[in-house]
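Structure first, commentary second.
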Amino acid sequence: MSSRSWEVVIGMEVHVQPRTRSKMFCGCAIGELGDAPNTHVCEVCLGLPGVLPVPNKAAVEACLKTALALGCEIPRHTKFDRKNYMYPDLPKGYQISQYDLPMSINGRLDVGGRRVRIRRVHLEEDTGKLIHAGDKLHKAWESYVDLNRAGVPLMEIVSEPDLRSADEARDYAVELRTLLRTIGASEAEMEKGQMRAEPNISIRREGTQELGVKTELKNINSFRALHRAILYEVERQKEVLESGGAIVQETRGWSEAEQRTFSQRSKEFAEDYRYFPEPDIPPLELDRVWIEDLRRALPELPGTRRGRLVAEHGLPQSDIAVIGADRELADLFEGAVAAGAPAKQVANWIVGEVAPTGKVPSPQNLAELVNLVKDGSITREQGREVLMESVESGRTPAEIVAEHGHRQVSDEGELRIIAAAVIDANPKAVADYRNGKKQVINVLIRDVTSRMPQANRQVAGEVLAKLLD
Amino acid sequence: MTDDLTLLTIKDASRLLRLGSISAADLVTAHVQRIERLDPKVKAYLRFTPELWEKQADEADRKIRQGEAPPLCGIPLAVKDVLCVRGVETTAGSQILKGFKPPYTATAVARLFEAGAVMLGVTNCDEFAMGSSTENSSYFPTRNPWDLDRVPGGSSGGSAAAVAAGMAMIALGTDTGGSIRQPAALCGVVGMKPTYGRVSRYGLIAFASSLDQIGPFARSVDDAAITLSLMSGLDPLDATSSDRAGMEVLNNFGAGVKGMRLGVPREYYDVKGIEPGVKAAIDAALFILRQAGAEIVDVSLPHTDYGLAAYYIIAPAECSSNLARFDGVRYGMSEVDAANITEQYLETRRKGFGAEVRRRVMLGTYALSSGYYDAYYLKAQKVRTLIKRDFDEAFKKCDAIVSATSPTVAFPIGSKTQDPLSMYLCDVLTLGGNLAGLPGISVPCGTSDGLPVGLQVVGPQWGENVVLRVARAYEEASEVQAQVADVV
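Chain order of the listed sequences is Y and C. Residue numbers for the first sequence follow my numbering, beginning at 1 and rising by one. Residue numbers for the second sequence follow my numbering, beginning at 470 and rising by one.
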């Protein structure tokens with residue numbers, strides 16, 4: 001066993017599908033997951049003889065916005081290249097990508113306390129999908145090709161190996177998604193295949209500078225899987241090295257079912273992609289005025305906004321982690337505060353109720369609701385129901401409260417009747433309370449509110465205590 | 470109707486059609502009768518398109534009656550087998566595409582259809598346009614109408630022979646290293662390769678994407694010019710197509726050569742292997758141009774020797790990638806008995822591609838491979854830049870460049886098939902224009918031993934009108950108009 005510990009080194013390659021209506025080089029619509037196979041195809045994305053690719057301006061724009069938001073340099077000249085290899089999901093026998101003159105270089109993304117350098121952001125096209133009767137290609141008795149995905153635009157965002165743990169890698173991916181959604185470049189839903197993260201992982205002895213041999217992980221479909229796959233792979237590499245073995249440079253797949261990584265192909269026999277400039281697409285000379293217009297039109301970026309939310313409203317990190325990760329929630333927060341609700345309570349409602357349910361009210365309605373709870377007009381429990389109903393019907397919380405007679409009951413006389421009934425019904429809890437387990441009073445308060453939902457919990461507690469003592 | 474209708478130019482045919490002296494159907498019938506008589510000997514066509522010609526001739530006659538005849542109304546057209554026509558089997562002269570009927574029409578062809586042309590059929594060519602004799606067709610060789618024992622040139626040999634034998638009034642070819650100009654020269658017709666980007670390549674089954682251009686064959690410079698003008702211009706389906714107006718190719722092209730400076734590159738004039746008879750015909754042409762008022766000046770294209778080498782790296786490199794899609798899975802030939810997908814690829818391509826295609830795919834794959842890329846592909850691209858510069862320098866001293874199109878006249882069938890290098894040398898005077906993306910034309914300039922010789926005129930980028938102006942002036946002054954071959 002080693003005396004010194006290991007340092008984990010991770011670089012990320014993230015493929016993101018930019019938000020466009022049509023494919024990268026033809027007019028085909030971008031289908032949905034689950035559409036019938038080969039229904040979003042034309043002669044261009046099928047790679048029929050004699051057809052030509054024409055770049056999609058919306059994809060170029062989304063890529064440039066992403067690059068600008070990541071602080072990248074946009075070189076004056078960029079071009080597309082052909083990456084040549086034969087595979088049944090690649091109709092032309094080559095993928096149009098970008099090799100030595102990518103659309104952008106040298107950016108950064110701050111994640112937690114760490115600055116992650118971005119090497120490049122470039123554009124390429126997706127391949128089709130193979131469906132095997134049987135589990136794996138070499139064991140399949142029949143294989144089918146679905147080219148709906150062939151030619152769908154992808155941005156590839158490549159980081160330097162600046163991440164140092166599975167947590168950081170996951171946080172990086174989450175932060176990237178927040179950024180992409182904030183600027184409107186992509187929906188970046190991992191589960192829908194709009195974002196794919198491929199970590200490159202190596203480990204080295206703490207204090208050394210030389211990079212270890214890396215492996216690249218694929219087939220990762222969620223942030224959770226990303227985290228687990230890295231944890232698994234780091235442990236695997238440690239075991240190999242500590243038992244005197246050597247890491248093989250290779251691509252490894254993540255098996256969600258088995259929760260482990262497995263060897264897919266060795267880079268020792270790496271394919272020679274024979275990159276060369278795509279002769280069917282002239283080099284792009286990007287209009288500087290257009291780029292400056294895009295830069296000016298970028299919204300406030302998530303990192304900047306988080307700093308401002310802390311500075312202006314004093315929100316704790318736990319709230320920022322939720323509200324600052326989603327442009328819609330941050331907009332809701334600032335809108336509700338502007339409409340006159342106190343910041344901390346608004347944050348609590350967003351973190352506790354809005355974020356988990358995904359049901360987003362208007363800022364005005366949320367502000368009204370927060371104030372109704374705050375001034376004791378309704379209980380927190382009632383507030384939850386009113387919020388749901390308000391989101392569904394679009395009516396204001398005040399209207400709903402008036403209609404349901406939801407006004408909170410704080411009258412001691414009324415509450416005493418209920419409290420007495422509750423004490424009769426819960427002899428064991430009453431005994432426990434009298435024997436000194438004072439926290440049991442919460443059980444009794446819950447029983448009061450189950451009988452009378454509009455009961456003011458605080459007053460009910462006081463009444464119960466008086467009756468019991 | 471008689472054969473005489475097959476000897477007409479577009480202008481004369483259009484006049485007769487508009488006057489009502491003949492119908493488009495008559496014109497088609499005359500051509501079909503001549504084809505039936507001559508094509509069994511020449512073998513210019515791979516297949517015929519009677520459904521199209523009937524429909525298009527009817528349409529043409531209807532438009533003429535209504536007084537709405539477009540510029541090529543009723544004009545019989547032949548199309549090289551690399552240009553996709555919807556519903557018409559298109560095979561690039563290859564077995565691998567046997568049975569492939571594209572669901573789309575190449576833009577250049579569609580524009581000629583719009584202009585009223587009537588398609589007679591699909592013409593033979595070297596497989597995937599790789600060759601200079603049409604002997605690399607996987608179907609059969611085409612013969613030169615002037616001497617059936619000789620090649621028509623290539624790769625667009627079928628189109629050149631069809632026009633030369635009066636079996637089409639105009640034809641389309643493609644030119645990657647000389648594949649329009651060289652067969653035009655060997656068959657004694659006019660053939661033009663436009664500036665790269667002038668004509669959309671959409672629907673052209675690619676050989677080498679950065680070099681390929683579609684162009685016309687005709688029996689007069691006027692006919693070539695009008696045809697080119699109608700197929701040119703921006704196409705949203707081809708990102709390399711230019712937005713320059715197609716009609717600009719006709720600007721001032723009847724103005725004559727008086728006062729023009731015509732450059733004769735010494736590297737072309739004294740090119741290795743040029744036949745004395747060809748040189749004599751070019752000397753006579755230069756004399757005629759001087760008589761017509763042009764000034765003949767010496768220019769130099771010093772990197773000519775490297776052009777051939779660079780071309781035979783760049784073109785195969787691009788072809789190795791362009792031809793990767795022919796895997797036998799989605800269309801064309803398919804070797805379905807293979808044990809697995811890799812075997813299927815290998816068997817389909819082994820059986821589907823001919824020797825020359827396989828040779829170039831291997832050359833190109835090698836040139837792009839890691840470790841060889843810098844020494845071959847990158848070096849070739851640098852040579853390409855030098856060749857462009859050669860032309861830029863030359864055009865500071867002259868308005869257009871004139872030379873022979875081919876160092877030799879048509880050669881006997883089979884005489885070069887065992888020696889690929891000697892075949893590659895056929896393009897030595899033409900491929901510079903492709904590497905530099907420049908417009909070039911070949912016009913008939915007499916004969917050597919009874920076989921046609923072609924005069925090549927190359928102009929600066931987008932200078933089609935200059936090229937056409939010189940070619941037309943020569944045609945007029947020399948009174949050497951393309952003849953219809955008496956096939957015997």
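Ideal Cβ placement from N, Cα and C applies to all residues, glycine included. Predicted model only: the values in this text are computed from it and were never measured.
Worksheet item: DSSP three-state call for residue 609 of chain C: helix, strand or coil?
Response: Of the three classes helix, strand and coil, the one that applies to residue 609 of chain C here is coil, per DSSP.
Practice prompt. Could you tell me which residues DSSP pairs with residue 925 of chain C in its beta bridges?
Written response: C/872 and C/911
Practice prompt. With a threshold of 16 other CB atoms inside 10 Å of the CB of residue 305 of chain Y, please say whether the residue is buried or exposed.
Written response: buried
Practice prompt. Within its chain, find whatever has a CB closer than 7 Å to the CB of residue 618 of chain C; leave out the 5 residues flanking it on each side and keep chain order.
Written response: Once the five neighbours on either side are set aside, the close Cβ partners of residue 618 of chain C are 881 and 882.
Worksheet item: Helix, strand or coil: which one does DSSP assign to residue 92 of chain Y?
Response: coil
Item to complete: Let me know the secondary structure DSSP gives residue 860 of chain C once reduced to three states.
Response: helix
Item to complete: Return helix, strand or coil for residue 107 of chain Y, following the three-state DSSP convention.
Response: strand
Item to complete: Starting from the beta carbon of residue 37 of chain Y, find every residue of chain C whose beta carbon is closer than 9 Å, and list them in chain order.
Response: Within chain C, no residue comes near residue 37 of chain Y; the closest Cβ sits about 14 Å away, beyond 9 Å.
Item to complete: Within 10 angstroms of the Cβ of residue 1 of chain Y, are there 16 or more other Cβ atoms? Answer buried if so, exposed if not.
Response: Because residue 1 of chain Y carries a pLDDT of 46, less than 50, the predicted location of this residue cannot be relied on, and no value is offered for it.
Worksheet item: Are the beta-carbon atoms belonging to residue 592 of chain C and residue 549 of chain C less than 8 Å from one another?
Response: yes
Worksheet item: What first and last residue would you give for the beta strand (DSSP E) that runs through residue 732 of chain C?
Response: 730 to 734
Discussion item. Let me check you understand the geometry: is the CB of residue 43 of chain Y closer than 7 Å to at least one non-hydrogen atom of the ligand GTP?
Written reply: The ligand GTP is not part of the structure shown, which contains no ligands of any sort.
Worksheet item: Quick one: which chain B residues come within Cβ less than 8 Å of residue 553 of chain C?
Response: In summary, chain B is missing from the structure at hand, where the protein chains are Y and C.
Item to complete: Could you name the residues that DSSP lists as bridge partners for residue 122 of chain Y?
Response: Y/156
Worksheet entry | Simplified DSSP state of residue 176 of chain Y, which is helix, strand or coil | helix
Fill in: Contact set for residue 470 of chain C: own chain, Cβ-Cβ below 7 Å, skip 5 residues either direction
A caution first: residue 470 of chain C carries a pLDDT of 42, below 50, which makes its placement in the model unreliable, though a value can still be read off. Listed in chain order, the non-local C-beta contacts of residue 470 of chain C below 7 Å within the same chain comprise 495, 498 and 499, local neighbours out to five positions each way being set aside.
Fill in: Closest residue to residue 487 of chain C among C/540, C/640, C/507 and C/953 (Cα-Cα distance)
Distance check between residue 487 of chain C and each of C/540, C/640, C/507 and C/953 places C/540 closest, using alpha-carbon atoms only.
Item to complete: Compute the Euclidean distance between the alpha carbons of residue 128 of chain Y and residue 194 of chain Y, then round it to the nearest angstrom.
Response: 14 Å
Item to complete: Please list the residues of the segment 3 to 33 of chain Y that have a C-beta atom closer than 8 Å to any C-beta atom in chain C, keeping them in chain order.
Response: none
Discussion item. Suppose the cutoff is 7 Å on Cβ atoms and the five residues either side in sequence are ignored; what does the same chain contact list for residue 712 of chain C look like?
Written reply: 703
Worksheet item: Should residue 67 of chain Y be labelled buried (16 or more other beta-carbon atoms within 10 Å of its own) or exposed?
Response: buried
Item to complete: Report buried or exposed for residue 427 of chain Y, applying the criterion of at least 16 other Cβ atoms within 10 angstroms of its Cβ.
Response: exposed
Discussion item. With distance defined between alpha-carbon atoms, name the residue in C/595, C/506, C/529 and C/631 nearest to residue 586 of chain C.
Written reply: Ranked by Cα distance from residue 586 of chain C, the first of C/595, C/506, C/529 and C/631 is C/529.
Worksheet item: Just the Cα atoms here: how many angstroms apart are residue 376 of chain Y and residue 456 of chain Y?
Response: Going from the Cα of residue 376 of chain Y to the Cα of residue 456 of chain Y covers about 8 Å.
Fill in: Under 7 Å from the C-beta of residue 572 of chain C: neighbouring residues of chain Y
43
Discussion item. Any beta carbon from chain Y within less than 8 Å of residue 948 of chain C's own beta carbon?
Written reply: no
Worksheet entry | Span separating the alpha-carbon of residue 8 of chain Y from that of residue 165 of chain Y | 6 Å
Worksheet item: Looking at chain Y, which residues of the segment 859 to 871 of chain C have a Cβ within less than 9 Å of any of its Cβ atoms?
Response: none
Discussion item. My output table needs one value for residue 1 of chain Y: the three-state DSSP class, helix, strand or coil.
Written reply: With a pLDDT of 46 at residue 1 of chain Y, under the threshold of 50, the predicted position of this residue should be treated as unreliable, and no value is reported.
Worksheet item: Any idea what DSSP makes of residue 641 of chain C, helix, strand or coil?
Response: strand
Worksheet item: Relative to the alpha-carbon of residue 735 of chain C, which residue among C/748, C/728, C/726 and C/725 has its alpha-carbon at the smallest distance?
Response: C/748
Discussion item. Measuring only the C-alpha atoms, how far is residue 416 of chain Y from residue 255 of chain Y?
Written reply: 60 Å
Worksheet item: Taking 8 Å as the CB-CB limit, is residue 218 of chain Y close to chain C?
Response: Judged by the 8 Å Cβ criterion, residue 218 of chain Y is not in contact with chain C.
Discussion item. Between residue 670 of chain C and chain Y, is any beta-carbon pair separated by less than 8 Å?
Written reply: yes
Fill in: Which of helix, strand or coil DSSP assigns to residue 452 of chain Y
Annotated three-state conformation of residue 452 of chain Y is coil, per DSSP.
Discussion item. Measuring straight from C-alpha to C-alpha, what distance separates residue 6 of chain Y and residue 198 of chain Y?
Written reply: 22 Å
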